[in-house]
Structure formats: C-alpha cells, structure tokens
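Chains as they are written, first to last, in the working numbering: chain A, 1 to 117; chain B, 1 to 113.
Everything on this sheet refers to the single structure shown next.
Set out below in structure tokens:
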C-alpha cells in the first residue's frame, strides 16, 4: 500500500540558510501534520492542514511556515535556520474526518533528517 | 505542549519475556493509537483503538482502550530481538470537527537475546 512520502530524506544546511521539506500524503488523505523530533524526544506537533487550510498550530517557530497545495501535498518552509533546528521532521497524513465514522488513524512518513551546521 | 504520561520510560528484558506499557492522561480521548519507531525512521502504526474497553490484538501485540477513556495499555508477548525500539502511544482529541493527536513520551524497549 502507498505510504506517506517525504523528501528529501536528509538535508544539511548552514545557519541562517533556508530549507524546504516536502510531504506527499497517502492517496485520498486530505489532512497533513508536521512534527519535529529532537534526539531522544517524542514527536512535537508543529502544524496541520485539512483541505488546504491550516487546521491546528502547535509549537511551530515564527521562522517556519507551511502550506498544503491543491494536490494535498504539503511543504514546510524553514528560514533563518538555527543549530537547534537540527532534528527529524516527520509528516503524517490521515483520512477525512467524519463525525459518523470517528475511526481515525494517522500514518507517518519516513522523515527528513535536517542537520544545521 | 500537552503530553500523555507513558510508562515505563525504558525497559530491558530477556528474549521470550512479556512486556507491558501504558499511557495515562487526565483528559478523555476518542481514539488511542500505538506506534513503534526504529532509530531514524518514522513511527509505524501498530494498533488503533476506538471504543472504551476495547481489546485489540495484532499478532503478539495486544492493546486495550481504558474504560475511563483516559488510559491505554500495550502488551507484547514472547518478545524477540526485533521488538527493540521506541513505543509511543497517541491519543486523539476531537473538538468541533477538528482533531489533534497527543503523543506519549515513549517507552524505550531493549531485548536481550
């Protein structure tokens, strides 16, 4: 079965540079979530999109922005990178939420490892 | 941000032993998910629970949705070396049509052959 695709898988940037991470959700999934995971940490929620609109916002720095496009893929844009931004960045997707069918599961991509030097 | 209390934080067990871990919260959740994460990889969904009291199995894994909807348990029977990894619980909260997943702090499992 198709899974969540993330690119690139690895990225090395210098301080103050910018980075763009891409996420392609599972087909027919309309919701995308972004998480940041530091070493030894659990995934920290950054932001989510539902039907191309921002649906929730977590601990995303102002230097970061994201959007979801008409084909439901999403991009996380990171500017003025800092050493502390080095982490694994995961995208996850889920199927449309229906009140009548509350069963809901979230599937993660393989992640992008960002290293800021 | 809000987190679920997951315990134990880490476990060292012998191959063949059974493993139990749990997540607790002061809040009610509509869905509980259990994930396993290998180093440098994305979390992989193991089991999803949708109803209070529900008990679901997936091979050697068994998980339960607590009757109060504030906790969940994961059991692994007859552990094998490839069970090593980090196990996360996640609770789903739905509010006015929006939904948010809250993650536990993880249980790091090491299996000694």
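Beta carbons are placed, not taken as given, at the ideal position from N, Cα and C, and that holds for glycine.
### Query
Shorter than 8 angstroms from the beta carbon of residue 89/A to some beta carbon of chain B?
Counted from its first residue, the first chain places residue 89/A at position 89. Cβ-Cβ to chain B under 8 angstroms: no for residue 89/A.
### Query
Quick one: what's got a C-beta closer than 6 angstroms to residue 67/B's C-beta in the same chain, skipping five residues either side?
In the second chain, counting from the first residue as 1, residue 67/B sits at position 67. Excluding positions up to five away in sequence, the list reads 52 and 53.
### Message
Whole angstroms are fine: how far does the CA of residue 82/A sit from the CA of residue 33/A?
### Response
Residue 33/A sits at position 33 when you count from the first residue of the first chain. Residue 82/A sits at position 82 when you count from the first residue of the first chain. Roughly 22 angstroms between the two C-alpha positions.
### Query
What beta strand (DSSP E) runs, 3 residues minimum, are completely inside the segment 17 to 97 of chain B?
Whole beta strand (DSSP E) segments, 3+ residues: 19 to 24, 31 to 37, 44 to 49, 55 to 58, 61 to 65, 71 to 76 and 85 to 95.
#### Entry: residue 81/B versus residue 113/B - alpha carbon distance
One-based indexing of the second chain puts residue 81/B at position 81. One-based indexing of the second chain puts residue 113/B at position 113. Spanning the alpha carbons of residue 81/B and residue 113/B requires a straight line of approximately 6 angstroms.
#### Entry: N-terminal and C-terminal residue of the beta strand (DSSP E) that residue 56/A is part of
As a working note, residue 56/A is residue 56 in the first chain. Unbroken beta strand (DSSP E) run through residue 56/A: 53 to 57.
### Message
Short of 7 angstroms in beta carbon distance, which residues of its chain neighbour residue 8/B, apart from the five on each side in sequence? Order them along the chain.
### Response
Residue numbering aside, residue 8/B sits at position 8 when the second chain is read from its first letter. For residue 8/B, where only same-chain residues beyond five positions count, the Cβ hits under 7 angstroms are 21 and 107.
### Query
What number of angstroms, rounded off, separates the C-alpha of residue 58/A from the C-alpha of residue 45/A?
Numbered from its first residue, the first chain carries residue 58/A at position 58. Numbered from its first residue, the first chain carries residue 45/A at position 45. The alpha-carbon separation between residue 58/A and residue 45/A amounts to approximately 5 angstroms.
#### Entry: Contact with chain B by residue 38/A, beta-carbon distance below 8 angstroms
As a working note, residue 38/A is residue 38 in the first chain. For residue 38/A, not one C-beta of chain B is nearer than 8 angstroms to its own C-beta.
### Task
If I'm right that residue 79/A touches residue 18/A with Cβ under 8 angstroms, what's the distance once you round it to whole angstroms?
Indexing the first chain from 1 puts residue 79/A at position 79. Indexing the first chain from 1 puts residue 18/A at position 18. That belief holds up - the Cβ atoms of residue 79/A and residue 18/A are roughly 5 angstroms apart, short of 8 angstroms.
#### Entry: Rounded straight-line distance, which links the Cα of residue 23/B to that of residue 111/A
Taking the first residue of the first chain as position 1, residue 111/A is located at position 111. Taking the first residue of the second chain as position 1, residue 23/B is located at position 23. Cα-Cα distance, rounded: 25 angstroms.
### Message
At a threshold of 7 angstroms, does residue 66/B count as lining the ligand NAP (C-beta to nearest heavy atom)?
### Response
You won't find the ligand NAP in this model; it holds no ligand whatsoever.
### Query
Under 8 angstroms between the Cβ atoms of residue 91/B and residue 4/B?
On the second chain, position 91 is the one that residue 91/B refers to. On the second chain, position 4 is the one that residue 4/B refers to. Their beta carbons are under 8 angstroms apart, which means residue 91/B touches residue 4/B by this criterion.
### Query
Mapping DSSP to helix, strand and coil, what is residue 81/A?
Locating residue 81/A in the first chain gives position 81, counting from the first residue. Coil at residue 81/A, not helix or strand.
#### Entry: Interface residues of chain B facing residue 108/A [CB-CB closer than 8 angstroms]
Position 108 of the first chain holds residue 108/A. Correct list: 35, 42, 43, 44 and 45.
### Query
Does residue 99/B come within less than 8 angstroms of chain A when only Cβ atoms are used?
Indexing the second chain from 1 puts residue 99/B at position 99. Yes, because at least one Cβ of chain A sits closer than 8 angstroms to the Cβ of residue 99/B.
### Task
Let me know if residue 30/B comes out buried or exposed under the rule of 16 or more other beta-carbons within 10 Å of its beta-carbon.
Here residue 30/B corresponds to residue number 30 of the second chain, with the count starting at 1. Residue 30/B is classed as buried because its beta carbon has at least 16 other beta carbons within 10 Å across all chains shown.
### Task
State the DSSP-derived secondary structure class of residue 31/A, mapped to helix, strand or coil.
One-based indexing of the first chain puts residue 31/A at position 31. Correct three-state label for residue 31/A: strand.
### Message
Can you pull the chain A neighbours of residue 107/B, defined as C-beta to C-beta under 9 angstroms?
### Response
For the purposes of this step, residue 107/B is identified with residue 107 of the second chain, where counting begins at 1. When 9 angstroms is used as the limit between beta carbons, residue 107/B is near no residue of chain A, the shortest such separation being about 10 angstroms.
### Query
Candidates 26/B, 12/B and 13/B: which alpha carbon is nearest residue 104/B's?
Position 104 of the second chain, counted from the first residue, corresponds to residue 104/B. Selected option, being the one with the closest Cα: 26/B.
### Task
Could you name the residues of the same chain whose beta carbon sits closer than 6 angstroms to that of residue 34/B, not counting the 5 residues immediately before and after it, in chain order?
Locating residue 34/B in the second chain gives position 34, where the first residue counts as 1. If we look at residue 34/B and ignore the five residues flanking it on each side, its Cβ neighbours are 46, 47, 63, 74 and 89.
### Selected residue, minimal CA-CA separation from residue 3/A, among 92/A, 116/A and 88/A
For the purposes of this step, residue 3/A is taken as residue 3 along the first chain, with counting starting at 1. Ranking 92/A, 116/A and 88/A by Cα distance to residue 3/A puts 92/A first.
### Task
Work out the CA separation of residue 18/B and residue 38/A for me, nearest whole Å.
As a first step, residue 38/A is located in the first chain; it is residue number 38 there, counting from the start. As a first step, residue 18/B is located in the second chain; it is residue number 18 there, counting from the start. One alpha carbon belongs to residue 38/A, the other to residue 18/B, and they sit about 29 angstroms apart.
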